[in-house]
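S.K.:
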DNA sequence: CGCGAGTTTTAGGTATACCTAATCCTGAGT
DNA sequence: ACTCAGGATTAGGTATACCTAAAACTCGCG
């Protein structure tokens with residue numbers, strides 16, 4: 015088991031591939047070449063090549079033409095990156111004046127450069143938070159993660175009152191708009207009304223009503239409980 | 015002038031070369047290929063190749079077989095990296111529990127990953143410090159740097175009393191030992207005695223005397239004033 | 001059951017940034 | 001002035017990680 019060795023030797027690219035594949039395979043579903051390519055903004059051909067190498071290295075399980083899954087080792091590496099990314103985001107927001115729409119890009123670069131030592135210091139200073147500024151759960155240093163059940167706001171039925179859990183990072187302009195509506199993790203909202211055929215919905219946030227399109231509704235994820 | 019463009023596009027390697035060359039050329043002396051190779055732990059052949067490319071890019075002045083100097087643009091880029099490195103060190107020591115012997119390695123990686131925005135936030139939180147934990151001056155964001163006159167402790171005459179200005183970073187074990195003697199920037203010491211032929215010297219630091227070899231004496235730089 | 005649209009892989013090429021080995025300078029010492 | 005040791009460069013090769021274009025596969029639909 016050369017895990018400890020590879021631990022140090024994963025390249026930036028490899029780290030990004032593993033993270034992307036993790037994000038694309040909820041509960042062990044296989045991720046396709048083109049999904050990975052799209053997420054990383056690379057050509058499918060490039061992904062094919064890298065996937066081949068990574069599976070030879072034992073980080074991926076690859077069934078040609080069928081998709082890939084992380085091995086235990088690949089998953090560990092992916093969660094390590096996720097922990098870094100999310101702790102860095104939390105730190106930058108808590109101590110260095112970042113807002114949730116600007117923090118992703120910075121963390122994306124820093125996550126490849128920080129040492130394990132630094133990551134654990136950040137965690138300690140933050141008091142070992144469970145979630146990052148977007149509400150995404152932070153894996154523990156042992157590689158455990160609690161993915162809370164959540165559904166997109168776009169699927170919450172009319173009349174339901176729910177709590178915002180997570181808001182998808184990565185699109186600063188949307189995040190800014192969402193923040194301007196008062197929507198952020200922990201906030202409660204009520205779906206007043208919704209139009210059929212993926213039409214817009216009306217929501218109530220802290221007494222204010224807003225109309226939201228389907229696209230934005232998919233970005234906001236809510237706790238899947240239905241009580242008031 | 016494509017400076018702004020290149021600004022974003024310098025690779026890690028290029029940044030390291032420029033920084034190394036800056037450190038190797040006090041007041042415009044030329045740096046040799048082998049000096050650069052030694053500092054970056056690369057083969058001279060690799061340095062030759064890179065130097066050629068960098069001078070074609072206008073970052074270096076290269077006289078074949080004679081050595082290299084930074085152009086104004088190269089110097090700007092080098093000072094930008096130095097500012098990053100030193101501010102990161104200062105921040106890690108001030109807020110994240112790093113000591114001066116452990117901070118160099120971390121900063122060496124982070125300096126390539128931080129944005130200008132983050133660097134300026136660090137500077138602001140630190141109150142725009144003038145020096146880093148090793149006493150090295152921090153360039154301003156405009157690229158000005160005040161290199162204070164200093165001489166190695168190994169050249170301070172017997173009987174003189176001087177203030178420690180800087181201690182060379184990069185060798186954690188030495189830094190730890192030096193710290194254990196109470197030597198750090200700002201501390202005053204008196205040279206009690208020194209042996210000829212680069213022999214050891216006896217110094218007094220805050221009432222304690224210590225014997226120091228020549229090698230260590232070169233790592234500690236002192237303000238070049240001679241009063242008590 | 002076979003066609004073909006779309007996906008995936010392979011083939012071949014580029015850029016960066018290293019390396020070793022071979023060759024080429026330069027200048028210090030006779 | 002010449003030699004030659006040591007420093008610098010060139011020549012040629014490797015690894016990573018991309019790309020485009022072409023070939024190979026899969027699967028739904030007629």
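Protein chains in written order, with our numbering: chain A, 15 to 242; chain B, 15 to 242.
C-beta atoms are modelled at their ideal positions from N, C-alpha and C, and glycine is treated no differently.
#1: With 16 other CB atoms within 10 Å as the buried threshold, where does residue 235 of chain A fall?
#2: Can you give me, in chain order, the residues of the stretch 111-136 of chain A that have a beta carbon less than 9 Å from any beta carbon in chain B?
#3: With 8 Å set as the bound, which would you pick, yes or no: does the beta-carbon of residue 139 of chain A sit closer than that to a beta-carbon of chain B?
#4: Quick one: what's residue 60 of chain B bridged to in DSSP?
#5: For the stretch 45-101 of chain A, list the beta strand (DSSP E) runs that are entirely contained and at least 3 residues long, ordered along the chain.
#6: Residue 131 of chain A lies in the alpha helix (DSSP H); which residues open and close that run?
#7: Short check: CB of residue 117 of chain B to CB of residue 106 of chain B, under 8 Å?
#8: When burial is assigned at 16 or more other CB atoms within 10 Å of the CB, is residue 41 of chain A buried or exposed?
#9: Once DSSP output is grouped into helix, strand and coil, what is the label at residue 26 of chain A?
#10: When burial is assigned at 16 or more other CB atoms within 10 Å of the CB, is residue 78 of chain B buried or exposed?
#11: What separation, rounded to the nearest whole angstrom, lies between the Cα atoms of residue 203 of chain A and residue 155 of chain A?
#12: Measuring alpha carbon to alpha carbon, tell me which residue in B:104, B:211, B:66, B:39 is nearest residue 150 of chain B.
#13: For residue 222 of chain B, which beta-bridge partners are listed by DSSP?
#14: Considering just the uninterrupted stretch of the alpha helix (DSSP H) at residue 203 of chain A, what are its terminal residues?
#15: For the putative contact between residue 167 of chain A and residue 231 of chain A, defined by C-beta atoms under 8 Å, what is the C-beta separation to the nearest angstrom?
#16: Compute the beta-carbon to beta-carbon distance between residue 68 of chain A and residue 28 of chain A, rounded to the nearest angstrom, for a pair I have assumed lies under 8 Å.
#17: Once you ignore the five residues that flank residue 220 of chain A on each side, which residues in its own chain have a CB closer than 7 Å to its CB?
#18: Who are residue 165 of chain B's beta bridge partners in DSSP?
#19: In three-state terms, what does DSSP make of residue 181 of chain B?
#20: Quick check on the burial criterion: 16 or more other C-beta atoms within 10 angstroms. Buried or exposed for residue 39 of chain B?
#21: Along the chain, where does the alpha helix (DSSP H) containing residue 187 of chain B start, and where does it finish?
#22: Does the count of Cβ pairs from the stretch 132-141 of chain B and the stretch 168-184 of chain B closer than 8 Å reach three?
#23: Using the three-state DSSP reduction, which class does residue 40 of chain B fall into: helix, strand or coil?
#24: How should residue 59 of chain A be labelled, buried or exposed, when 16 other C-beta atoms within 10 angstroms of its C-beta is the threshold for buried?
#25: What number of angstroms, rounded off, separates the C-alpha of residue 94 of chain A from the C-alpha of residue 32 of chain A?
#26: On a CA-only basis, which of A:52, A:86, A:125, A:142 is nearest residue 72 of chain A? Give me that one, please.
#27: With residue 198 of chain A as the anchor, note down where its alpha helix (DSSP H) starts and where it stops.
#28: State buried or exposed for residue 163 of chain A, treating a residue as buried only when at least 16 other CB atoms are found within 10 Å of its CB.
#29: Which one or two residues does DSSP pair with residue 117 of chain B in a beta bridge?
#30: Leaving aside the five residues before and after residue 224 of chain B along the sequence, list all residues of the same chain whose C-beta is less than 6 Å from its C-beta, in chain order.
#31: Going by C-alpha to C-alpha distance, which of B:35, B:108, B:207, B:119 sits closest to residue 183 of chain B?
#32: Would residue 23 of chain B count as contacting chain A if we go by Cβ distances under 8 Å?
#33: If the criterion is Cβ atoms closer than 8 Å, does the pair residue 136 of chain A and residue 102 of chain A meet it?
#34: Can you have a look at residue 210 of chain B and say buried or exposed, based on whether 16 or more other CB atoms are within 10 angstroms of its CB?
M.R.: Looking at the coordinates:
#1: The residue in question, residue 235 of chain A, is buried, as its Cβ has 16 or more Cβ neighbours within 10 Å.
#2: Within the stretch 111-136 of chain A, the residues whose Cβ lies closer than 9 Å to some Cβ of chain B are 111, 112, 116, 119, 120, 123, 124, 125, 126, 127, 128, 129, 131, 132, 135, 136, listed in chain order.
#3: So yes, residue 139 of chain A belongs to the interface.
#4: Residue 60 of chain B is bridged by DSSP to nothing; it lacks a bridge partner.
#5: The qualifying runs are 74-77, 81-84.
#6: Unbroken alpha helix (DSSP H) run through residue 131 of chain A: 130-140.
#7: For residue 117 of chain B and residue 106 of chain B, yes; Cβs fall inside 8 Å.
#8: Flag for residue 41 of chain A reads exposed.
#9: Residue 26 of chain A falls in the helix class under three-state DSSP.
#10: Residue environment for residue 78 of chain B: exposed (fewer than 16 other C-beta atoms within 10 angstroms of its C-beta).
#11: Near 33 Å, if we compare the C-alpha coordinates of residue 155 of chain A and residue 203 of chain A.
#12: Of B:104, B:211, B:66, B:39, the residue nearest in Cα terms is B:104.
#13: Looking at the DSSP output, residue 222 of chain B sits in a beta bridge with B:219.
#14: Note, residue 203 of chain A: premise wrong, no alpha helix (DSSP H); beta strand (DSSP E) at 202-208.
#15: Rounded to whole angstroms, the Cβ separation of residue 167 of chain A and residue 231 of chain A is 4 Å, and the two are in contact under 8 Å.
#16: The distance from the Cβ of residue 68 of chain A to that of residue 28 of chain A is about 7 Å, consistent with a contact at the 8 Å cut-off.
#17: In its chain, beyond the 5 residues on either side, 196 have a beta carbon closer than 7 Å to the beta carbon of residue 220 of chain A.
#18: According to DSSP, residue 165 of chain B bridges with B:236.
#19: Strand, per DSSP.
#20: Taking all protein chains shown into account, residue 39 of chain B has 16 or more neighbouring C-beta atoms within 10 Å of its C-beta and is therefore buried.
#21: Residue 187 of chain B -> alpha helix (DSSP H) spans 186-194.
#22: In the pairwise beta carbon analysis, the stretch 132-141 of chain B is classified as not touching the stretch 168-184 of chain B: fewer than three pairs are separated by under 8 Å.
#23: Reduced to three states, the DSSP call for residue 40 of chain B is helix.
#24: Residue 59 of chain A is exposed by the Cβ-count criterion.
#25: The alpha-carbon atoms of residue 94 of chain A and residue 32 of chain A are separated by roughly 10 Å.
#26: Of A:52, A:86, A:125, A:142, the residue nearest in Cα terms is A:86.
#27: Counting along the chain, residue 198 of chain A falls outside any alpha helix (DSSP H), and DSSP gives it neither H nor E.
#28: Answer is exposed; the Cβ neighbour count stays below 16.
#29: BP columns for residue 117 of chain B are empty, so no partner.
#30: If we look at residue 224 of chain B and ignore the five residues flanking it on each side, its Cβ neighbours are 195, 217.
#31: Per the C-alpha coordinates, the member of B:35, B:108, B:207, B:119 positioned closest to residue 183 of chain B is B:119.
#32: No - not a single Cβ of chain A is within 8 Å of the one on residue 23 of chain B.
#33: Yes. Within cutoff.
#34: Around the CB of residue 210 of chain B, fewer than 16 other CB atoms lie within 10 Å, so the residue is classed as exposed.
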